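Asker: The letter at position 447 of the sequence shown is residue 450 when you use my numbering, and the numbering goes up by one with no holes.
We treat Cβ as the ideally placed atom computed from N, Cα and C, and that holds for glycine.
Because the structure is a prediction, the values reported are computed rather than measured.
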Amino acid sequence: MTDLRFDNAFVRELPADSDTSNLPRQVAGAAFSRVDPTPVPAPRVVAVSPEVADMLGVSPDRPGFADVFAGNARLQGMTGYAMAYGGHQFGHWAGQLGDGRAIGLGEVLTERHGRQELQLKGAGRTPYSRGADGRAVLRSSIREFLCSEAMHHLGVPTTRALSLVATGESVVRDVMYDGHPAPEPGAIVCRVAPSFLRFGSYELPSSRGDVALLRRLVDFTIATHFPAFADLPGERGYAAFFTEVCERTASLMAHWMRVGFVHGVMNTDNMSILGLTIDYGPYGWVDNFDPDWTPNTTDRAHRRYRFGQQPQVGYWNLQRLAQALSPLFTGVEALQAGLDRYVEVFEATDAAFSAAKLGLAHAREGDEALVADLRGLLLTGEMDMTIFFRDLASLDLSSPRTRSVGEAFYDEARRGAVEEALQSWLQRYAARVRDDESPASERLALMHASNPRYVLRNYLAQQAIDRAERGDDDGVHELLETLRQPYDEQPGREHLAGRRPDWARERVGCSMLSCSS
Ligand code: AMP
Ligand code: MG
Numbered sequence: 004m005t006d007l008r009f010d011n012a013f014v015r016e017l018p019a020d021s022d023t024s025n026l027p028r029q030v031a032g033a034a035f036s037r038v039d040p041t042p043v044p045a046p047r048v049v050a051v052s053p054e055v056a057d058m059l060g061v062s063p064d065r066p067g068f069a070d071v072f073a074g075n076a077r078l079q080g081m082t083g084y085a086m087a088y089g090g091h092q093f094g095h096w097a098g099q100l101g102d103g104r105a106i107g108l109g110e111v112l113t114e115r116h117g118r119q120e121l122q123l124k125g126a127g128r129t130p131y132s133r134g135a136d137g138r139a140v141l142r143s144s145i146r147e148f149l150c151s152e153a154m155h156h157l158g159v160p161t162t163r164a165l166s167l168v169a170t171g172e173s174v175v176r177d178v179m180y181d182g183h184p185a186p187e188p189g190a191i192v193c194r195v196a197p198s199f200l201r202f203g204s205y206e207l208p209s210s211r212g213d214v215a216l217l218r219r220l221v222d223f224t225i226a227t228h229f230p231a232f233a234d235l236p237g238e239r240g241y242a243a244f245f246t247e248v249c250e251r252t253a254s255l256m257a258h259w260m261r262v263g264f265v266h267g268v269m270n271t272d273n274m275s276i277l278g279l280t281i282d283y284g285p286y287g288w289v290d291n292f293d294p295d296w297t298p299n300t301t302d303r304a305h306r307r308y309r310f311g312q313q314p315q316v317g318y319w320n321l322q323r324l325a326q327a328l329s330p331l332f333t334g335v336e337a338l339q340a341g342l343d344r345y346v347e348v349f350e351a352t353d354a355a356f357s358a359a360k361l362g363l364a365h366a367r368e369g370d371e372a373l374v375a376d377l378r379g380l381l382l383t384g385e386m387d388m389t390i391f392f393r394d395l396a397s398l399d400l401s402s403p404r405t406r407s408v409g410e411a412f413y414d415e416a417r418r419g420a421v422e423e424a425l426q427s428w429l430q431r432y433a434a435r436v437r438d439d440e441s442p443a444s445e446r447l448a449l450m451h452a453s454n455p456r457y458v459l460r461n462y463l464a465q466q467a468i469d470r471a472e473r474g475d476d477d478g479v480h481e482l483l484e485t486l487r488q489p490y491d492e493q494p495g496r497e498h499l500a501g502r503r504p505d506w507a508r509e510r511v512g513c514s515m516l517s518c519s520s
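1) Report the rounded CA-to-CA distance for Pro-40 versus Ala-34, giving the unit in angstroms.
2) Keeping to the same chain, check which residues put their C-beta closer than 6 Å to that of Tyr-241; ignore five residues upstream and five downstream.
3) For the beta strand (DSSP E) containing Thr-271, name the first residue and the last one.
4) Considering only residues of the stretch 355-426, which uninterrupted alpha helix (DSSP H) runs meet the minimum length of 4 residues and lie entirely inside it, listed in chain order?
5) With 16 other CB atoms within 10 Å as the buried threshold, where does Arg-404 fall?
6) Give the straight-line distance between the Cα atoms of Leu-395 and Pro-230, rounded to the nearest whole angstrom.
7) Measuring only from the beta carbon, is Leu-100 closer than 7 Å to any heavy atom that is part of ligand 1?
8) Touch check for the stretch 251-268 and the stretch 490-498: three-plus C-beta pairs under 8 Å?
9) State the Cα-Cα distance for the pair Leu-157 and Cys-150, rounded to the nearest angstrom.
10) Can you give, in chain order, each stretch of the alpha helix (DSSP H) that sits fully within the stretch 426-499 and has at least 4 residues?
11) With a 10 Å radius around its C-beta and 16 neighbouring C-beta atoms as the bar for buried, classify Gly-369 as buried or exposed.
12) Please confirm if the stretch 420-430 is in contact with the stretch 458-466, defined as three or more CB-CB distances below 8 Å between the two stretches.
13) For Gly-101, which option in Pro-63, Asp-20 and Phe-310 has the closest C-alpha, if you only look at C-alpha atoms?
14) When the distance is taken between beta carbons, is Ala-126 closer than 8 Å to Arg-104?
15) Count the other CB atoms within 10 Å of the CB of Gln-466; is the residue buried (16 or more) or exposed (fewer)?
16) I think Pro-285 touches Pro-298, with their Cβ atoms under 8 Å apart; what is that distance to the nearest whole Å?
17) Note the first and the last residue of the continuous beta strand (DSSP E) segment covering Gln-99.
18) Cβ of Asp-302 within 7 Å of any heavy atom in ligand 2?
19) Under 8 Å between the Cβ atoms of Ala-76 and Gly-67?
20) For Gly-362, which residues from the same chain have a beta carbon less than 6 Å from its beta carbon, with the 5 sequence-adjacent residues on both sides left out?
21) What does a CB cutoff of less than 7 Å around Ala-355 pick up in its chain, not counting 5 residues either side in sequence?
22) So, with DSSP's three-state summary, where would you put Pro-188?
23) Would you mind stating whether Leu-121 and Val-51 have Cβ atoms separated by less than 8 Å?
24) Between the beta-carbon of Gly-32 and the beta-carbon of Leu-328, is there less than 8 Å?
25) Where do the N-terminal and C-terminal ends of the beta strand (DSSP E) with Phe-68 fall, by residue?
26) Quick check: what's the CA-CA separation for Ser-517 versus Val-178?
27) Can the beta-carbon of Arg-47 be found less than 8 Å from the beta-carbon of Ala-12?
28) By alpha-carbon positions, which one of Val-335, Asp-476, Arg-344 and Arg-393 ends up nearest to Ala-359?
29) Would you say the beta carbon of Asn-11 comes nearer than 7 Å to a heavy atom of ligand 2?
30) With Phe-9 and Val-111 assumed to form a contact (beta carbons below 8 Å), what rounded beta-carbon distance in angstroms separates them?
31) In whole angstroms, what is the alpha-carbon distance linking Asp-176 and Ile-191?
32) Residue range of the beta strand (DSSP E) that His-91 falls in?
33) Buried or exposed: where does Tyr-180 fall if 16 or more other Cβ atoms within 10 Å of its Cβ makes it buried?
34) Shorter than 7 Å, the distance from the beta carbon of Asp-272 to the closest heavy atom of ligand 2, or not?
35) Heavy atom of ligand 1 less than 7 Å from the Cβ of Ala-135, yes or no?
36) Rounded to whole angstroms, what is the Cα-Cα separation between His-228 and Asp-222?
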């Protein structure tokens, strides 16, 4: 494990906070503050992602693994730091935020996956903790660990998770913010990504008029993470960088819509500059298709971050990034061009994903209406999105029947209300597919690669959490195993592919989550 090759470019090349105390404060003129994890009493490894361990070249069986990834011990080359960043939260500028409980350990140079930064989430207080404790609870750590790995295996860009370690310490949280604080088991996830820089990392120096720091951050980001643009002169390099961020964010939004993922807290401090899904909090998966659904109870009133609004919010967030970067540009044209590119890429990618979900090799005129009509039916029929698309592949095209997708219905009355319209939609769809001329085997392969059988339904995560809180980690292991092959049928695991049970419809943790984590 000591052969990890650290190359800590971020802390080496960017300015550090000169104050090394760990008191909450405003940090100006620096990209980060040096801080070490606070030790925990009894670290115990709950789960490890085999793929991430392999990517980094660490063996979970090596002695000391739990101590290192709980922050109790440091490998040679590791260093501790918390990043400074700000953000727009729920539409309003919130000022300095920063890593309040995530502590960077350094960047590893891997053999096949380039630079990978390690970060412990829940590792203790930092200068950015404000009044909070710097810790994370087991329930939200399980959710982050499982979901980031599930997203990766679904083909959705995301930060990864190496390990989930229980700390042996309790953490007090008021789960629904209703005046009932209670102790819960604590945990630490080791997150892994080429970089954890966020839109808010650039917004903070820009908001303070610190253009020198802003420029250093952008130059560093381009040189380290977008080297293709490093040789473009001045503004052209910045423009290419911003456009690339817009394109990646557009593609990310299309992916979220494809798999039915709702982030829940798309504040600009939770938007990765690399276009990765980052900061898994009160996220959720759509069961019955509903663009208005949000898992985040903190956002219940306005539903700003509801499922169907994510592409618009992605654009709004990029506008905030454009504003932050504007001191590096002489005019707004290049930034506007990047934003326009966002719209183009989102529309093209979303159309391509929608066609692929239906098994259509090439989108063509009229498909948009086919997709729009289907979305209307899924909504009024209260149909399960994941089951519908997966089962659609088994439709008999010569004699399409609604029973092929019957498992997707939650409610008989709703089924009755759309049955006829659905029947005629299926006929239209079958005719369109017959017209497509791509061989059946190719169509099925395309559908099976676009429509997962297994996603991390909210109630499944909650069941694994309930078991883990009683000391049984097997629910976590079973989900991790299953979600490593989300597009494969896995005999014996049908119970993880069914509809959300009725009891889970309005249960805390299953359909209602808060930011308390
Ligand atoms: P989030 O909503 O998780 O993206 O967090 C927003 C901000 O609050 C970030 O700056 C976090 O680091 C900080 N934060 C959230 N929870 C804690 C905690 N338990 N201790 C310290 N800081 C926290
Ligand atoms: Mg965050």
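Answerer: By the coordinates alone:
1) 18 Å
2) Leu-331
3) Here Thr-271 belongs to no beta strand (DSSP E), and DSSP marks it neither H nor E.
4) Inside the stretch 355-426, DSSP marks whole alpha helix (DSSP H) runs of 4 or more residues at positions 370-383 and 388-395, from first to last along the chain.
5) exposed
6) 43 Å
7) yes
8) no
9) Roughly 10 Å separates the two Cα atoms.
10) With a minimum length of 4 residues, the continuous alpha helix (DSSP H) runs that stay inside the stretch 426-499 are 443-453, 461-472 and 477-486.
11) exposed
12) no
13) Looking from the CA of Gly-101, the closest CA among Pro-63, Asp-20 and Phe-310 belongs to Asp-20.
14) yes
15) buried
16) 6 Å
17) Looking at the DSSP string, the run of the beta strand (DSSP E) that includes Gln-99 is 95-99.
18) It does not: the Cβ of Asp-302 is nowhere closer than 7 Å to a heavy atom of ligand 2.
19) yes
20) Arg-446, Leu-449 and Met-450
21) Counting only Cβ-Cβ distances below 7 Å, and skipping sequence neighbours, we find Ala-366.
22) strand
23) no
24) no
25) Unbroken run through Phe-68 is the alpha helix (DSSP H), 68-71; no beta strand (DSSP E).
26) Going from the Cα of Ser-517 to the Cα of Val-178 covers about 7 Å.
27) no
28) Ranking Val-335, Asp-476, Arg-344 and Arg-393 by Cα distance to Ala-359 puts Arg-393 first.
29) no
30) 6 Å
31) The sequence shown places Arg at residue 176, not Asp. Taking the straight line joining both Cα atoms gives about 16 Å.
32) 89-92
33) exposed
34) Checking every heavy atom of ligand 2 against the Cβ of Asp-272, one is found closer than 7 Å.
35) Because some heavy atom of ligand 1 lies under 7 Å away, the Cβ of Ala-135 counts as near it: yes.
36) Whole-angstrom Cα-Cα distance: 10 Å.
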